[in-house]
Amino acid sequence: MHDFFGRLAGGLARHVLNWLQRRVEPESREWVDALIAESECADDGWQRLRWALGGVPLLWTIDPRNLIPPVVANIVAIAGLYGVIIPGTYAAAHAYDCQLYLDNRPGGCQEHALAFGAIAIGGSLLGLIIALTWRARFAAFWWAVFSAFNTVGSVWYLRSGIIDLPRYGATQSAMLMAATLGVVAAAIVQANLETTNSRHRITAHLIAGTIGFALADSLVRLRDSQPLVDNVSHLAILASAMVATILAGVIGRESQPTHVQRVVQGTVPGV
Amino acid sequence: MPRLPNTSPQTLLVLELLLESPRSWHYGYALSQLTGLKSGTLYPILMRLAEQGWLETRWAEPEQPGRPPRHTYRLTGEGARAARAKLAEAATPVAMSHRLAYNPGRG
Chain U
1 MHDFFGRLAG GLARHVLNWL QRRVEPESRE WVDALIAESE CADDGWQRLR WALGGVPLLW
61 TIDPRNLIPP VVANIVAIAG LYGVIIPGTY AAAHAYDCQL YLDNRPGGCQ EHALAFGAIA
121 IGGSLLGLII ALTWRARFAA FWWAVFSAFN TVGSVWYLRS GIIDLPRYGA TQSAMLMAAT
181 LGVVAAAIVQ ANLETTNSRH RITAHLIAGT IGFALADSLV RLRDSQPLVD NVSHLAILAS
241 AMVATILAGV IGRESQPTHV QRVVQGTVPG V
Chain C
1001 MPRLPNTSPQ TLLVLELLLE SPRSWHYGYA LSQLTGLKSG TLYPILMRLA EQGWLETRWA
1061 EPEQPGRPPR HTYRLTGEGA RAARAKLAEA ATPVAMSHRL AYNPGRG
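Chains U and C, in that order, are what the protein sequence lines are.
So that you can map any letter, position 268 of the first sequence is 268 in this note's numbering, and since no number is skipped, the others follow by simple counting.
So that you can map any letter, position 90 of the second sequence is 1090 in this note's numbering, and since no number is skipped, the others follow by simple counting.
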């Protein structure tokens, strides 16, 4: 019986040690690796488990963010920011005494494009920064999509003024689609690109942006009737995909070393 | 009043042990056994000392095949000087009762 519990504790220790290793970024894994290596000296499962549990305060010392589960960080970074942006938008609507219509009716808040654009862009960029600080990768990509969409949308809107609804709505939805597809393509590129050459990385991200644009544009053509498609601002769609891809590239550079860097750091098993 | 860095009894205990043979490399597990400190207390102390330049670290080849390399520690020149000063400041002998026969360099 004692042996059984000892083996159980040993198994638990293994799980804790694996968890510790997963929770730390490769570049700051030295001390966790040190603790894991020393766990081999433990005489039995219980000792090993006690040793492994000591890794929790170590994770906190390395960086308290190591103890925040990614799903919590992502939810907080997305929901928390909406908790700021939505009340901010309503407060601005109250201040400007305008109505928050989704279309371009007179008296709508679209007449104050600069103020509402600033709230949307500022909120999205703030969300991007907070998500990067919290190492919430999904939330960072989420806010990259909306940063690109809001930035390009605001520039396009300010340049063109209030325009007819079908063209405005169709372009907006296509821009959102292009930004999403651009970010997804960039994330796929980041996961598979095994080079540290910055020119190659930039080229790969530009290709990802082009793919995002091409996919969104094709989907708009399939979905919308021809006269509407001809009026859609393809330039805004392209810009949205490209800005989103560039932001996704920044996220990738900030939050994760490349496969090659991990090999150089010796953090890829078996290499 | 905030405590001065590296003056906690646990840190002084680690420094005292490292000072016994300042040029030898020490293993984390052995340090834990000899000081009675848990890994969750010991490693943050070692990490902070290394960040302050008091401690030198090195990955040592494993003694048995199939085992991972082990992290070893010893005081730097600056660390040894500072540790002596801290221990002198502490005045009373620190946790002498914890000290056991210690053979540095063995895990």
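Where is the CB? At the ideal position from N, CA and C, for every residue including glycine.
For ARG1070(C), the three-state secondary structure derived from DSSP is strand. For SER1024(C), the closest Cβ of chain U is not nearer than 9 Å. Shown here, TRP134(U) sits in coil according to DSSP, grouped into three states, outside any helix or strand. Under the three-state reduction of DSSP output, ARG22(U) falls in the helix class. ALA37(U) has a beta carbon lying within less than 9 Å of a beta carbon in chain C. One finds TYR1043, PRO1044, MET1047, ARG1048 in chain C with Cβ atoms closer than 8 Å to the Cβ of THR61(U), taken in chain order. Inter-residue distance for HIS205(U) and GLY249(U) is about 7 Å (C-alpha atoms, whole angstroms). The contact set of GLY54(U) on chain C, defined by CB atoms closer than 7 Å, consists of LYS1038, SER1039, GLY1040, TYR1043 in chain order. Within the same chain, and ignoring the five residues on either side of LEU1015(C) in sequence, the residues whose Cβ sits closer than 6 Å to its Cβ are ALA1083.
For THR1057(C), the enclosing beta strand (DSSP E) has its first and last residue at 1055–1060. Under the DSSP assignment, GLN99(U) falls outside any alpha helix (DSSP H); it carries neither an H nor an E label. Interface annotation, TRP134(U): not in contact with chain C, CB-CB separation never under 9 Å.
Collapsing the DSSP output to three states places GLY54(U) in coil.
Burial state of ARG1070(C) is buried, judged by a 10 Å Cβ sphere holding 16 or more other Cβ atoms. Interface with chain U (9 Å Cβ-Cβ cutoff): THR1076(C) is excluded. The DSSP-derived three-state label of LEU1037(C) is coil. When Cβ pairs closer than 8 Å are counted between the two stretches, the region 140–158 of chain U is seen not to touch the region 194–214 of chain U, the count staying below three. Non-local beta-carbon contacts of MET242(U) in its own chain, meaning distances under 6 Å to residues more than five positions away in sequence, involve GLY209 in chain order. Contact between ILE237(U) and ASP217(U) holds: their C-beta atoms lie close to 6 Å from each other, under 8 Å. Annotation: Cβ neighbours of GLU40(U) in chain C (cutoff 8 Å, chain order): ARG1067, PRO1068.
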